[in-house]
Amino acid sequence: MKKNDSGANGASGHDTARRNFFRKLGRAAMAVGVTAPSMAAPAWAGATFLEAFGDFFQQHYKKMSREEIEQVLERIERKARERHGVDINCENTPPKKNAVFGYALNISKCQGYRDCVHACVEENNLGRDSQVEYIRVLEMDQGSTNLEESDHYYDPETVPTDGKYYMPVQCMQCDNPPCVKACPVEATWMEPDGIVVVDYDWCIGCRYCMSACPYSARHFNWTEPEIPAEKINPDTHYLGNRPRPKGVVEKCHFCIQRTRKDKQPACMEACPTGARIFGNLLDPDSEIRYILANKNVFRLKEELGTEPKFWYFTD
Amino acid sequence: MIACPREARVLLALLIAVASASAQEATEGSITEGFSGYAAAPEFSVVPRKDELVFYPCSQCHEFLEPDPTVRELMAPHEIEFDHGAGRIWCLSCHMLENRDQLKSALGEAVDFDAAHQVCGSCHGNRHKDWYFGAHGKRQSSWNEPRVIYNCTHCHDAHSPAIKPRKPMPAPKARAGLSLPEWHRHEKKPVWERDEKPQKPEDSDEEK
Chain A
32 MKKNDSGANG ASGHDTARRN FFRKLGRAAM AVGVTAPSMA APAWAGATFL EAFGDFFQQH
92 YKKMSREEIE QVLERIERKA RERHGVDINC ENTPPKKNAV FGYALNISKC QGYRDCVHAC
152 VEENNLGRDS QVEYIRVLEM DQGSTNLEES DHYYDPETVP TDGKYYMPVQ CMQCDNPPCV
212 KACPVEATWM EPDGIVVVDY DWCIGCRYCM SACPYSARHF NWTEPEIPAE KINPDTHYLG
272 NRPRPKGVVE KCHFCIQRTR KDKQPACMEA CPTGARIFGN LLDPDSEIRY ILANKNVFRL
332 KEELGTEPKF WYFTD
Chain B
28 MIACPREARV LLALLIAVAS ASAQEATEGS ITEGFSGYAA APEFSVVPRK DELVFYPCSQ
88 CHEFLEPDPT VRELMAPHEI EFDHGAGRIW CLSCHMLENR DQLKSALGEA VDFDAAHQVC
148 GSCHGNRHKD WYFGAHGKRQ SSWNEPRVIY NCTHCHDAHS PAIKPRKPMP APKARAGLSL
208 PEWHRHEKKP VWERDEKPQK PEDSDEEK
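Put into structure tokens, the structure is as follows:
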């Protein structure tokens, strides 16, 4: 008897849930029917029908024509205005010819101030709530390169601490990137200037790339990045620091919106010690080429064959 | 000894190099003789800094003061904490006695304040070379040409050049919904030797 009762109760509960669901669906359909013809009133999460439609049928970045990309950039700007009330400028600056970017970091100069980390957060419109930071400054014991014993939550009164050295880790922009191989939808790839980029509109958020990356350099937006309107950086790039949605993976992109216009990456500009050196690997007169030729350089986890374009050196 | 043509060629090349170097000096005008930079270094210009100097030009007071080469303590209005060279050098090692608007290299050459790196480089040769080629120091705004670099004295106080420790920027927070363990440092011991509850070290209160 008991069994039957509970069964009957369960069935009726299920029925009401289903009824409620259909009722809601009907209401939603009505709402769509009313708002769709006007095409101006915000319907889904603040986006108009047309915007949502455009988002849904947007092509892969590499397959879009120039006009289509222009439309997408305009839509991104419109959406930023709706969401944050800020006029941003989203660009699609092409890669420079005869340039492959590389980075060198002097770990005997780095003092662990974390100025780079916070400059990066501000430059790249990273969510202030989501705690995503592209750069992780590892505090390491002198005489050891054991990453297992490193600490990136260090917070003493003053740095550097005796007996420690500091090793900032970010995306290594590998020349043989495992994340790109892992992506099932080709939402991430290496650009001709060597920057590994993500198309946030194509990413399905499966996070395979994150587990493929040996440097933990990729980050997932568990929540929609929340940024105060006055803190938004309006100079953005489609493959770089444009506002991202929830549920996509992002990572350091060598400040693509800056470096493709000859500016330094934000972390390099912010570094007060001059430990960070960014440059063109194809230019034999560049500073980075001098370092590679004359300093004791090493790459992180080089034995994995990922060919990072990010070198550490000491002097 | 037989004169080797290869040696002769090397000698000739050296002579030409010296001649061209001296010609370059004449055009630069910041330094009269001696070191004139590395020929292979990429071209650059240095961010000027004279405007930031509080008392410059120094001659506005010093032309009324008698030059005094005796080693002595610095007087007001100069408030300088001097911690450089461990007692080996004093003011007039780097400042010209006769013309206070100029600096002085270790060889005694007059150097403009905006070319202060020549003074620093006359002792710190290796760093100076790294700075010329871009392995030391900092660039302004662009990674590409034109190369504009900061002078030594932008980052290092010439009178106390060691970089001072300071407070780091805020540490990353734990991900939303998670919290850092009270003692967040990784254990030194391998996993199989760790206790169930790691003992909190006594000094961890200070670190928090």
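Chains A and B, in that order, give the protein sequences.
The numbering of the first sequence is this note's numbering, which starts it at 32 and goes up by one.
The numbering of the second sequence is this note's numbering, which starts it at 28 and goes up by one.
Ideal placement from N, C-alpha and C gives every residue a C-beta, glycine not left out.
Closer than 8 Å at the beta carbon, the chain B residues around residue i
i, result
"A:Asp293", "Ser169, Trp170, Asn171"
"A:Glu108", "Residues of chain B passing the Cβ test: none, with the nearest at roughly 26 Å."
"A:Asp346", "Asp157, Ala162, His163"
"A:Tyr246", "The premise fails here: A:Tyr246 is roughly 16 Å from chain B at the closest Cβ pair, so nothing lies under 8 Å."
"A:Thr290", "Trp170"
Burial state of residue i, where buried means 16 or more other Cβ atoms lie within 10 Å
i, result
"B:Ala67", "exposed"
"A:Glu170", "buried"
"A:Pro208", "buried"
"B:Lys165", "buried"
"B:Phe25", "Because chain B here runs from 28 to 235, residue 25 of chain B falls outside it and cannot be looked at."
"B:Thr180", "buried"
"A:Ser139", "exposed"
"B:Gly56", "The predicted model places B:Gly56 with a pLDDT of 43, which falls under 50 and marks its position as unreliable, so this point remains unresolved."
"B:Thr54", "Only weak support is given to the placement of B:Thr54: the predicted model assigns it a pLDDT of 41, under 50, and the value that follows is read from those uncertain coordinates. When all chains shown are included, B:Thr54 counts as exposed."
"A:His250", "buried"
"A:Glu164", "buried"
"B:Asn21", "Nothing in the structure corresponds to residue 21 of chain B, since chain B is present only between 28 and 235."
"B:Val98", "exposed"
"B:Lys200", "exposed"
"A:Ser69", "Reliability of the predicted coordinates at A:Ser69 is poor, the pLDDT of 43 falling under 50, and the value obtained from them is presented with this limitation in mind. A:Ser69 comes out exposed."
"A:Thr337", "buried"
"A:Glu281", "buried"
"B:Ser86", "exposed"
"A:Leu136", "buried"
"A:Lys332", "exposed"
Residue from the options whose Cα sits closest to the Cα of residue i
i, options, result
"A:Pro199", "A:His115, A:Arg330, A:Ser161", "A:Arg330"
"B:Ser169", "A:Phe251, A:Glu338, A:Gly310", "A:Gly310"
"B:Ala103", "B:Val73, B:Met123, B:Cys88", "B:Cys88"
"A:Glu113", "A:Lys127, A:Glu82, A:Lys195", "A:Glu82"
"A:Asp314", "A:Met95, A:Cys121, A:Gln90, A:Val131", "A:Val131"
"A:Asp182", "B:His155, B:Arg154, B:Val175, B:Leu207", "B:Leu207"
"A:Ala324", "A:Ser161, A:Asp86, A:Leu312", "A:Leu312"
"B:Phe82", "B:Ile116, B:Phe140, B:Leu205", "B:Phe140"
"A:Val117", "A:Pro265, A:Phe344, A:Arg167, A:Asp232", "A:Pro265"
"A:Ala248", "A:Glu180, A:Asp293, A:Val228", "A:Val228"
"B:Pro195", "A:Val148, A:Phe341, A:Cys205", "A:Val148"
"B:His163", "B:Ile176, B:Asn126, B:Glu172", "B:Ile176"
"B:Val74", "B:Lys156, B:Asn153, B:Ala143", "B:Ala143"
"A:Trp233", "A:Glu257, A:Gln204, A:Lys277", "A:Lys277"
Per-residue contacts from residue i into chain B (C-beta, under 9 Å)
i, result
"A:His149", "Met196, Pro197"
"A:His183", "Ala198, Pro199"
"A:Glu257", "In chain order: nothing, as chain B lies at least about 11 Å away."
"A:Lys326", "Asp157, Ala162"
"A:Glu318", "Pro69, Phe160, Gly161, Ala162, Arg166, Trp170, Arg174"
"A:Glu153", "Result: empty, since nearest Cβ-Cβ is about 11 Å, beyond 9 Å."
Contacts that residue i makes with chain A (C-beta to C-beta distance below 7 Å)
i, result
"B:Pro192", "Thr189, Val190, Pro191"
"B:Ala150", "Checking the displayed sequence, the identity of residue 150 of chain B turns out to be Cys instead of Ala. Neighbours of B:Cys150 on chain A: none; closest Cβ ~17 Å, over 7 Å."
"B:Arg202", "Gln162"
Closer than 7 Å at the beta carbon, the chain D residues around residue i
i, result
"A:Ile308", "The displayed structure is made up of protein chains A and B, and chain D is not among them."
Under 9 Å from the C-beta of residue i: neighbouring residues of chain A
i, result
"B:Arg164", "Before going further, note that residue 164 of chain B is Gly rather than Arg in the sequence given. In chain order: Gly305."
"B:Leu130", "What B:Leu130 touches in chain A: nothing, since even the nearest Cβ is about 22 Å away."
"B:Leu207", "Tyr184"
Residue i: contacting residues in chain A (beta-carbon distance under 8 Å)
i, result
"B:Cys182", "Pro303, Thr304, Gly305"
7 Å Cβ cut-off: residues of chain B touching residue i
i, result
"A:Gln142", "Ile190"
"A:Asp146", "Met196"
"A:Ile322", "Ala162"
Checklist line | the region 150-160 of chain A touching the region 313-323 of chain A, judged by at least three CB pairs closer than 8 Å | finding: no
Margin query: So, does the region 256-265 of chain A touch the region 205-214 of chain A, judging by three or more C-beta pairs under 8 Å?
Written below: no
Notebook entry, point to check: Are the region 292-306 of chain A and the region 135-148 of chain B touching, with three or more C-beta to C-beta distances below 8 Å?
Noted result: no
Next item on the list: Check whether the region 90-104 of chain A touches the region 277-297 of chain A, taking contact to mean three or more Cβ pairs, one atom from each stretch, closer than 8 Å.
Entry: no
Notebook entry, point to check: With contact counted as at least three CB pairs below 8 Å, one residue from each stretch, are the region 241-255 of chain A and the region 123-138 of chain A in contact?
Noted result: no
Next item on the list: Determine, using beta-carbon pairs with one atom in the region 84-102 of chain A and one in the region 187-195 of chain A, whether at least three such pairs fall under 8 Å.
Entry: no
Notebook entry, point to check: Contact between the region 128-143 of chain B and the region 269-276 of chain A: three or more CB pairs below 8 Å?
Noted result: no
Check: Any contact of the region 161-181 of chain A with the region 218-231 of chain A, i.e. 3+ C-beta pairs under 8 Å?
Finding: no
Next item on the list: Write down every uninterrupted run of the alpha helix (DSSP H) in the region 123-161 of chain B whose length is 4 residues or greater and which is fully enclosed by it, in chain order.
Entry: 144-148, 152-160
Notebook entry, point to check: Do the region 109-118 of chain B and the region 184-198 of chain B make contact, defined as three or more Cβ pairs closer than 8 Å?
Noted result: yes
Check: At which residue ranges does the region 138-168 of chain A contain complete alpha helix (DSSP H) runs of 4 or more residues, listed in the order of the chain?
Finding: 146-154
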